[in-house]
Amino acid sequence: MNSKKRLPIILQLTSMFAIAAMLLLSALGYTIYNYLSLGDESNKLVSYTAVRTMSIKEAHTDYVRALLNFRGFLLYPDGAAYEQGYQEDMKKAIKTVKEFNSSSANQDSTVEGAKLEKLLNEYLGLVEKMIIAKKTNDPTLNQLTTEGRKHTKDIEDQFTKLAEIQQKSMTDKSNLMITHAQNSSRNIILLSTLIFIMACIVVIWYSRNLAMRFRYLTKSMTMIGQLDLTEKDIEIRRNDEIGDMGNILNSMRNSLKEIVALLHTSSRTLAASSEELSASVEGHLETVDIVANSTGEIAAGASKNSDSIINISGAVEKISAGAEEINANATEVNANTQNAVAEVDRGMSMLQAVVEQNENVASSMAEITIVTEKLAQGSQEIKGIVDVITNLAGQTNLLALNAAIEAARAGEAGRGFAVVAEEVRKLAEQSEKSTKEITEIISNMGSEIAVSVNAVERANGEVVKCKTSALDTQKGFQLIAKRLITVKDGIEQIASAIGETALGTQSMVTSVETIRLVADTTSEGIQTVAASTEEQSASMHEIGDNADSLAKLATELNAVVQKFKV
C-alpha cells in the first residue's frame, strides 16, 4: 500500500494547466503593460505634443487673420469692422502663444515661444500706433507701416521656427514610441516563445511520464491475458488512479496465482481420488463376482435339496403304503418290516444328505451375509469418496466464479482469463453432475444391498427352519428304526409298531412338506440374491465408467491449469 500523499490525476492535470495558465497570464500581463505604456505615450503624443503643435498653427492662423483685418483697416476708409476683427484675432493669437509657453516642457520651444510672444506684443503696440496714426492722418504712418512689415516678417519666421521645433519634437517622440513598440513586440514575442517552450516541456514531460506508466500497465495486462503470471509486481511510485490500477493488477495477479495453485492441487487430488475410486470399484466388482459364484453354488445346492426332498416324499409315501399293508395283512408284516428297514436306511441316508445340504446352505448364506455387509460398507466408503469429490467440485466452481469476477473487474484485459474461468466452471459443473449421478447410483445400490441383506436374513431363517425340520425328521427316522427293530423282536408288538409307524409316517409327510416349502422359499431367495447381485454388478460397472470419466475430467482440468505460467 502506497503511504505517499494522494495526488489524483485530475489534480495533476489541473496543476499542470494552472502552471501553463500562470505562464500565459504572465506573458499576457507583460503584453498588456507594454501596450498600456505605449497607449500612455500615444496619449501624451496626441493630447500634449500634437495639441501644442496644433495650438501654434491656430495661433499662426489667428495672427494671419488679424494681419488681413489690419490691412483691410488700412486700405478701406471705413475700417471699424476690420479693426475689431484685428483686435479679436490678435488677442486670440497672443493668448494661444501664452498658453503654449505656460505648458511647454521643451527648453527650445519655451525660449522660442517667449520670443514669439515678445514679438507679438511689440507688433501689437506698433499696430496701435499705426491705427492712431491712420485715424489722425499722422504722416509717420508710412514709417510705422514699414517698421510693421519688418515685425511681420520676424513674426512669420518665429512661427515657422517654433513649428519646426514642435514638428521635430513630435517626430522624435513618435520615433521613440515606435522604437518602444518594436522593442515591446520583440520582448513579447521572446517571452511568449519562452513560455510556450516551457509549457511544451512541462506537457511533454508529463505526457511521456503518463504514457510510460500506461505502457507498464498495458504490458502487465497483456502478460496476464496471455496467462503469464511470472512478472514481478508493478512498482507504485505515485498515489493516484494509475497507482490504484497498478495495485489492482498486482492483487489480481497474486489472486490468480493462488487460484491456479489451488486448481493444480485440486486437479491432482481429483485425479488421485478418481484412481482410488476406480480401484475400489474393481475390488467391489471382484466381491460381487464372488457373491455371484456363491449364489450359483447355493442355487445348485437348493436344486439338489429339492430333488432329495422329492425322493424323501416318495419314500415316505411308500412307507405309508407299507404301513397300511402291514395293518391289512399281519402275515406280510415281517417282509414289509424288512422293506421298511431298508427304506428307513435309505431315508436316513437321504436325511443325512439333506442335513449336510442344509449345513452347506447355512454356511453359504453366512458367507453371503458377510459379503453383503462388506459390500454395504464399501458402498459407504464410495459414498464418502463421492462426498469429497462433490465438495471439491463445489470449491472448484466457487474458485472459477471468483476468477470470473476478478476478470470482469479487469475489464477488456481480463477477457482471456474469463474464458478460462468459464471453462473451469463448466468442468466443475460436469464433475459435480457426475458425482451426483454416482451418488444416486450408490444410493440405489445401497437400497438394493439392503434388500439383499433382508432377503439373506430371511433365507438364513428359512435355512435354520429347514435344518431343524431335517433334524426332527432324522429323529423320526431313528424312532422308526427303533420301532422296526422292536418289530423284529416280536410279532406281538407288530400292531403297536405299525400304529407308531403310521404316526411317524404322517409326521414325516408333514416334515417333508415343510422341508419342500422351505426349499422353495430358499430357492426364490437365492434367485432374488442372484438378481440383486447382477444389478449390483451392473451398478459397479457404471460407477467404474463414471470414475474413468471423472479421471478424464481431472486430466482436462490439469491441462487447463498447465496453460498458466506461475
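Its first residue numbered -3, the sequence shown is counted upward by one per residue in this note's numbering. Beta carbons are placed, not taken as given, at the ideal position from N, Cα and C, and that holds for glycine.
Does DSSP put residue i in a helix, a strand or coil?
{"i": "Asp168", "result": "helix"}
{"i": "Asp236", "result": "coil"}
{"i": "Met(-3)", "result": "At Met(-3) the pLDDT is 48, less than 50, meaning the model places this residue with poor confidence and gives no usable figure here."}
{"i": "Tyr26", "result": "helix"}
{"i": "Leu7", "result": "helix"}
{"i": "Ala101", "result": "coil"}
{"i": "Gly242", "result": "helix"}
{"i": "Ile306", "result": "helix"}
{"i": "Arg211", "result": "helix"}
{"i": "Gly75", "result": "coil"}
{"i": "Glu231", "result": "coil"}
{"i": "Thr132", "result": "coil"}
{"i": "Arg479", "result": "helix"}
{"i": "Arg204", "result": "helix"}
{"i": "Arg2", "result": "coil"}
With the cut-off set at 9 Å, would you say residue i and residue j are in Cβ contact?
{"i": "Gly109", "j": "Leu63", "result": "no"}
{"i": "Tyr202", "j": "Ile230", "result": "no"}
{"i": "Val123", "j": "Tyr82", "result": "yes"}
{"i": "Asn30", "j": "Ser180", "result": "yes"}
{"i": "Lys379", "j": "Gly442", "result": "yes"}
{"i": "Ile184", "j": "Thr27", "result": "yes"}
{"i": "Ile151", "j": "Leu186", "result": "no"}
{"i": "Val556", "j": "Glu419", "result": "yes"}
{"i": "Asp168", "j": "Leu3", "result": "no"}
{"i": "Ile244", "j": "Arg209", "result": "no"}
{"i": "Ala358", "j": "Lys463", "result": "yes"}
{"i": "Gly221", "j": "Arg421", "result": "no"}
{"i": "Glu79", "j": "Asn102", "result": "no"}
{"i": "Ser533", "j": "Asp285", "result": "yes"}
{"i": "Glu602", "j": "Ile381", "result": "Not covered by the structure: residue 602. The range shown for the chain is -3 to 562."}
{"i": "Glu37", "j": "Leu172", "result": "yes"}
{"i": "Glu369", "j": "Glu444", "result": "no"}
{"i": "Met86", "j": "Leu32", "result": "no"}
{"i": "Gly374", "j": "Ser263", "result": "no"}
{"i": "Thr517", "j": "Arg454", "result": "yes"}
{"i": "Val447", "j": "Thr524", "result": "yes"}
{"i": "Ser216", "j": "Arg249", "result": "yes"}
{"i": "Ala77", "j": "Met166", "result": "no"}
{"i": "Glu355", "j": "Lys314", "result": "no"}
Short of 8 Å in beta carbon distance, which residues of its chain neighbour residue i, apart from the five on each side in sequence? Order them along the chain.
{"i": "Leu70", "result": "Met126, Lys130 and Thr141"}
{"i": "Met241", "result": "Leu213"}
{"i": "Phe155", "result": "Ile52, Ala55, His56, Tyr59 and Leu112"}
{"i": "Ile267", "result": "Looking at the sequence shown, residue 267 is not Ile but Ala. Excluding positions up to five away in sequence, the list reads Ala547, Ala550, Thr551 and Asn554."}
{"i": "Asn542", "result": "Ser430, Glu433, Ile434 and Ile437"}
{"i": "Gly144", "result": "Tyr119, Leu122, Val123 and Met126"}
{"i": "Lys1", "result": "Asn235"}
Please return the same chain residues whose Cβ sits closer than 6 Å to the Cβ of residue i, not counting the five positions on each side in sequence.
{"i": "Ser105", "result": "Ile161"}
{"i": "Met(-3)", "result": "Bear in mind that the predicted position of Met(-3) carries a pLDDT of just 48, short of 50, making it unreliable; the figure below should be weighed with that in mind. Answer for Met(-3): no residue qualifies."}
{"i": "Leu510", "result": "The displayed chain sequence assigns Thr, not Leu, to residue 510. Closer than 6 Å at the Cβ level, and outside the excluded window around Thr510, lie Ser465."}
{"i": "Lys88", "result": "Asp58"}
{"i": "Leu34", "result": "Ala177"}
{"i": "Arg61", "result": "Asp85"}
Apart from the five residues just before and just after residue i, which ones in its own chain have a Cβ nearer than 7 Å to its Cβ?
{"i": "Gly75", "result": "Gly68 and Phe69"}
{"i": "Ile15", "result": "Val198"}
{"i": "Asn387", "result": "none"}
{"i": "Lys571", "result": "Since the first residue of the chain shown is -3 and the last is 562, residue 571 is not available in this structure."}
{"i": "Val93", "result": "Ala55, Gly109, Leu112, Glu113 and Leu116"}
Check whether the segment 21 to 30 touches the segment 176 to 195, taking contact to mean three or more Cβ pairs, one atom from each stretch, closer than 8 Å. yes
Inter-stretch contact at 8 Å, needing at least 3 Cβ pairs: the segment 402 to 420 / the segment 265 to 279: no
Tell me, please, whether the segment 424 to 437 touches the segment 387 to 399 by the rule of three or more beta-carbon pairs shorter than 8 Å. The segment 424 to 437 is in contact with the segment 387 to 399.
Is it true that the segment 219 to 227 meets the segment 248 to 257, where meeting means three or more beta-carbon pairs spaced less than 8 Å apart? yes
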